[in-house]
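Structure first, then comments.
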Amino acid sequence: MPTQEKMKRDEVRKKLVELDIRKKEIEAEAKSYQEVLSAYPKVLDDEGFPLPNVPHELVANAKHKLACLKTDYKNIMSEIESYLPYAF
Numbered sequence: 001m002p003t004q005e006k007m008k009r010d011e012v013r014k015k016l017v018e019l020d021i022r023k024k025e026i027e028a029e030a031k032s033y034q035e036v037l038s039a040y041p042k043v044l045d046d047e048g049f050p051l052p053n054v055p056h057e058l059v060a061n062a063k064h065k066l067a068c069l070k071t072d073y074k075n076i077m078s079e080i081e082s083y084l085p086y087a088f
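The numbering of the sequence shown is UniProt numbering, which starts it at 1 and goes up by one.
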């Protein structure tokens, strides 16, 4: 019969695996938005006007989503760090 400490450790490890999966999902999603931004490195001309050949709404949405994902990533990493001492 497993001890209560081992059961808790197993639960923590299970939670860490779930968090790691979510972290990898965030990384993949962020990479796709980063690819959008790298496709349009320059959105303004030299005078500060929007370039006509750039989908500005797409770029703005990618920047917004990337900022949100960075926050989510920081939160996930913080949660992972908080569980690590109890996993071993």
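Here a beta-carbon is modelled for each residue, glycine too, at the ideal position from N, C-alpha and C.
Pairing residue 37 with residue 50, the inter-Cα distance amounts to about 15 Å. In the DSSP assignment, residue 83 falls within the unbroken alpha helix (DSSP H) covering 56-83. Collapsing the DSSP output to three states places residue 16 in a helix. Within 10 angstroms of the beta-carbon of residue 26 lie 16 or more other beta-carbons, which makes it buried.
When DSSP states are grouped into helix, strand and coil, residue 44 belongs to the strand group. Non-local beta-carbon contacts of residue 80 in its own chain, meaning distances under 6 Å to residues more than five positions away in sequence, involve 19 in chain order.
The Cβ atoms of residue 30 and residue 66 sit closer than 8 Å to each other. Only buried fits residue 62, as 16 or more other CB atoms lie within 10 angstroms of its CB.
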